[in-house]
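Report on one structure; see the data block that follows.
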Amino acid sequence: MHGRELEDAVIAHVNDLDKQGASTASIHSTVSAIKNFFVANREENRINWKWLKGELPKNNGKVKDRDYTKDELVKMWIQSDTRKRAILSLLMTGIRKGAIPGLRYGNLVKITNYRDKDRKQHKFESHIYKLTVYEGDPAEYVTFTTPEGANALDLYTQAWEAAGEKISTNSPLIRDVFNTMNAKEPKPVTTAALDMAFTRLTKSIGIRPKEKMGKRQDRHEVMLFHGIRKFVNHAYVNAGTEPIKKELLIGHSPPGLEGSYLRPTEDELLTELVKVVPYVTLGQEAELKEQVERLKVESGDIDTMKKSYIDMRIQLEKTQASPFIRFQTRSQLPTSWLPCHHSKM
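Start counting the sequence shown at 517; every next residue gets the next number (my numbering).
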């Protein structure tokens, strides 16, 4: 193909994606991948990329996607198995989906206590984990799980060990779907596998509509993973955490913190984490919802029993008011009610 033929082929593909409902970001990512292919093969000059960029769909600049609600996340938690709960626990730290495949078991450090700003020591009821994300990369940062998240990761790890897997610091924190054949050589989960697992999860509980026959839907009200990250970001804001520390905990790099002497200490970050724990804990919320539903049922039963009791009382009072039923035997009836019997003459 000549240059213009290649450009026309790319634009035709872009138009097809647009008709299928692909988002602007998805289309731009696809074109970037095509460009990288040509660059890798030293053929980038065959296409006028500047002209091509001008032909791509324009973003209207308005962000229409929203966060997940707490109720939606609780439903996801209830519906999840051990593996998905472990993944969801990581996502509830605000971590990006793309960081999960690179996590290793050695990136976790158990923490049982911390000191507040007054240097007073506090002990967690069980424990949490400090999580180092992008370790060894310039983008490396530290965040923390909740106690609930630490427990979910522990249960997931115990499932590995029960299956005969030996865990080392280099073992993938979230492995690909478990297979007894490769238990000794686990592979890290892929982003494609994460997409598939959480697409199915959100559809199963009605958060994301199922596509119509033969039609793919890329535009959604809630972005599959970024919707969780946005929820966590807002949770930190609603919990009243300090903005700079919040930014660090979710993996942003606030300006002005280049010097290490300006960076908050681990205890200072933990103090902010404690504020947000109730906002990002899902399991206890699920238990409370179940208790409320159970109380509603019990309350309904009590109301039914009360109504039955009142009906019985009313019926009893009516019964007692009837003279023919008040006296149960012939001997109890007044003599004036008894029929006259005359003796034979």
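All C-beta atoms, glycine included, are put in the ideal place defined by N, C-alpha and C.
These figures come from a predicted structure and were not determined experimentally.
Closest by C-alpha distance to residue i, when choosing among the options
i: LEU785; options: SER769, PRO794, GLU758, ALA556; result: GLU758
i: PRO654; options: SER769, ASP534, GLU521; result: SER769
i: GLU681; options: LEU568, ALA615, LYS703, PRO663; result: LYS703
i: LYS569; options: LEU589, ASN557, ALA541; result: ALA541
i: ARG468; options: MET828, LEU789, ASN623; result: Residue 468 lies beyond the stretch modelled for the chain, which goes from 517 to 861, so this question has no answer here.
i: ASP711; options: VAL649, ASP534, ARG691, LYS613; result: LYS613
i: GLY622; options: ASN686, ILE760, THR546, VAL547; result: ASN686
i: LYS574; options: ILE543, ASP827, ARG562, GLU560; result: ILE543
i: ASP587; options: ILE721, LEU740, ASN557; result: ILE721
i: THR546; options: VAL555, VAL530, ASN561; result: VAL530
i: ALA528; options: GLU763, LYS566, GLU677, LEU572; result: LEU572
Cβ-based neighbour list, residue i, same chain, cut-off 8 angstroms, excluding 5 preceding and 5 following
i: GLY665; result: SER605, LEU606, MET608, THR609, ILE644, TYR645
i: ASN564; result: GLY519, GLU523
For residue j and residue i, believed in contact at Cβ under 8 angstroms, the rounded distance
i: ARG582; j: VAL738; result: 6 angstroms
i: VAL649; j: ILE611; result: 6 angstroms
Cβ shell of residue i (< 6 angstroms), same chain only, five flanking positions each side left out
i: GLY767; result: TYR657
i: THR659; result: THR609, LEU647, LEU765
i: ALA755; result: LYS791, VAL792, TYR795
i: ALA556; result: none
i: PHE714; result: LEU740
Status (buried if at least 16 other CB within 10 Å, exposed otherwise) for residue i
i: GLY743; result: buried
i: VAL693; result: exposed
i: SER684; result: exposed
i: MET592; result: buried
i: ALA461; result: This structure leaves residue 461 out entirely; the chain is present only between 517 and 861.
i: TRP635; result: This sequence places Arg at residue 635; Trp is not what is there. Result: exposed.
i: THR781; result: exposed
i: ALA708; result: exposed
i: LYS633; result: exposed
Same chain only: Cβ atoms within 7 angstroms of residue i, ignoring 5 sequence neighbours per side
i: TYR584; result: VAL738, GLY743, ILE744, PHE747
i: ASN629; result: GLN637, HIS638, LYS639, PHE640
i: SER596; result: LEU604, LEU717
i: ARG691; result: PRO702, LYS703, PRO704, VAL705
i: ALA675; result: THR598
i: LYS761; result: PRO780, GLU784, LEU785, GLU788
Check: residue i C-beta below 6 angstroms from any heavy atom of the ligand ZN
i: THR781; result: Among the components modelled here there is no ligand, and therefore nothing to report on the ligand ZN.
Validate contact between the region 743-750 and the region 635-642 using beta carbons, cut 8 angstroms, 3 pairs = no
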